[in-house]
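Undergrad:
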Amino acid sequence: MNQSIDIADKLAQFSDHWSPKVIARLNDYEIKAVRLKGEFVWHTHDDTDELFLVIDGTLTIQLRDGDVTLGPGQLFVVPRGVEHCPIADGEVQALLIEPTGVVNTGDAGGELTASYDDSLA
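Each residue of the sequence shown is one higher than the last, beginning at 1 in the UniProt record's numbering.
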């Protein structure tokens, strides 16, 4: 399709937190829109890096050796195998870029594990 993707429009279509929505695909990767609020779980992705790009708000990514704080227009790549825990004091709107099939809670599982949602793609 020869059509641009409006990120703000995609983010306006849902309000749940910690539940990424696939909005586009790039080779074997998915671009996911997500709303974040509060503290997530400590987890790792053993087989892949994970890119966080903040659209709105302030996101802190806790790492065992120090935190990374991101504002709008800033991104951070969590290297594969690095334990991390995102925290959003207020609501954060962000994009994630990761391989198809990556589970949001990585190796941790639990109640914050989101079901796969590509309804906005």
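We put the CB at the ideal spot given by N, CA and C, even for glycine.
Can you tell me where the beta strand (DSSP E) holding I23 begins and where it ends?
TA: Note, I23: beta strand (DSSP E), K21 to L26.
Undergrad: Starting from D9, follow the alpha helix (DSSP H) in both directions and report where the run begins and ends.
TA: Looking at the DSSP string, the run of the alpha helix (DSSP H) that includes D9 is I7 to A12.
Undergrad: Whole angstroms are fine: how far does the CA of K32 sit from the CA of N2?
TA: About 19 angstroms.
Undergrad: Can you tell me whether Y116 is helix, strand or coil according to DSSP?
TA: Coil, per DSSP.
Undergrad: Can you give me the C-alpha to C-alpha distance between Q13 and V82, rounded to a whole angstrom?
TA: If you take the alpha carbons of Q13 and V82, they lie about 32 angstroms apart.
Undergrad: Exposed or buried, what is G106 when buried is set at 16 or more other beta-carbons lying within 10 Å of its beta-carbon?
TA: G106 should be labelled buried.
Undergrad: Within a Cβ cutoff of 8 angstroms, which residues of the same chain sit near L26, ignoring the five residues on either side of it in sequence?
TA: Closer than 8 angstroms at Cβ, skipping near neighbours: I97.
Undergrad: V92 and D56 look like a contact to me (Cβ under 8 angstroms); what is the Cβ gap, rounded to whole Å?
TA: The Cβ separation is near 7 angstroms, so the contact holds.
Undergrad: From the DSSP output, read off the bridge partner residues of R80.
TA: The partner list for R80 (beta bridge, DSSP) is empty, contrary to what the question assumes.
Undergrad: Within its chain, find whatever has a CB closer than 8 angstroms to the CB of D28; leave out the 5 residues flanking it on each side and keep chain order.
TA: Excluding residues within five positions, the ones whose Cβ falls inside 8 angstroms are P99 and T100.
Undergrad: Please say whether V22 and A88 have beta carbons closer to each other than 8 angstroms?
TA: Contact flag unset, no.
Undergrad: Is it buried or exposed for I61, if we count other Cβ within 10 angstroms and need 16 for buried?
TA: Buried, since its Cβ has 16 or more Cβ neighbours within 10 Å.
Undergrad: From the DSSP output, which residues share a beta bridge with H43?
TA: Note: H43 sits in a beta bridge opposite H84.
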